[in-house]
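Numbering (the numbering used here), first residue to last: 15 to 267.
Take a look at the structure set out below.
Below, the structure is given as structure tokens:
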């Protein structure tokens, strides 16, 4: 691996107990912060120009940020530097929320960044093995994508088409604001994203078997849908991305 230009100046790395960054680490950091700032800017411009509801633009940021987890897995060589973007986003989103700098900032955005940081932290022992970063990356990424797309679709579909409250189904602890239509959208979305994620990040040469892929997709979809349904006030940004990988791991996926 290339050690990059910053390896000639190791003082900062030594002070922070970090390995010398490679050129890929530097590129990854540059792209991460450029992407995130552009995403926030574009979302705010769209909201102002087209007078969209803040929830719609919040979902743009939510999906865009979640998708960048793939960028983190692909570009970085060292786990220590891969952790910097989303760890920084925790503080930035808290500032945005505390001083109301961006209307799209909510406690859920802070929770989401915390979840992604925790998920990435589990890959520290195998990160330098290269993409897809070790034997559990498929379940880690499944959790991230379940929150990225499953929650977004549940919210958008629920707001637009939701007519039947989940509480009417008798589901214990169901959030009264959430709908059957939104939950269905979450299930279908997570099922599809899990299949794609398992295929792209398979720890098995040649790919995992069909039963494992589809079985994992069903389990992930059920877990994500239930956790999303019973988690109020943005807490699903913690329960879904952390609960789905935990459930898959406990079941041997």
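For each residue, glycine too, the CB sits at the ideal point set by N, CA and C.
Model, not experiment: these values are computed from the prediction.
- Here the C-alpha atom of residue 81 lies approximately 8 angstroms from the C-alpha atom of residue 159.
- Counting only residues of its own chain and dropping the five nearest sequence neighbours on each side, residue 263 has a CB closer than 8 angstroms to the CB of 150 and 153.
- Going by DSSP, residue 256 is part of the alpha helix (DSSP H) stretching over 250-264.
- Counting along the chain, the unbroken alpha helix (DSSP H) around residue 99 starts and ends at 98-112.
- Note: residue 193 is bridge-paired with 179 in the DSSP secondary-structure output.
- Remark: C-beta atoms of residue 244 and residue 227 do not approach each other more closely than 9 angstroms.
- The beta carbon of residue 225 is closer than 6 angstroms to none in its chain, skipping five residues each way along the sequence.
- The residue among 44, 207, 40 and 88 with its C-alpha nearest the C-alpha of residue 143 is 88.
- Taken atom to atom, the span from the alpha-carbon of residue 165 to that of residue 145 is near 26 angstroms.
- Spanning the alpha carbons of residue 57 and residue 33 requires a straight line of approximately 35 angstroms.
- Three or more beta-carbon pairs separated by less than 8 angstroms link the stretch 128-141 to the stretch 249-265, which places the two stretches in contact.
- Here residue 164 carries a helix assignment [DSSP, helix/strand/coil].
- For residue 147, no alpha helix (DSSP H) segment is defined, and its DSSP state is neither H nor E.
- A direct Cα-Cα distance of roughly 11 angstroms separates residue 178 from residue 198.
- Exclusion of the five residues before and after residue 124 leaves 104, 107, 108 and 111 as the residues of its chain whose Cβ lies within less than 7 angstroms of its Cβ.
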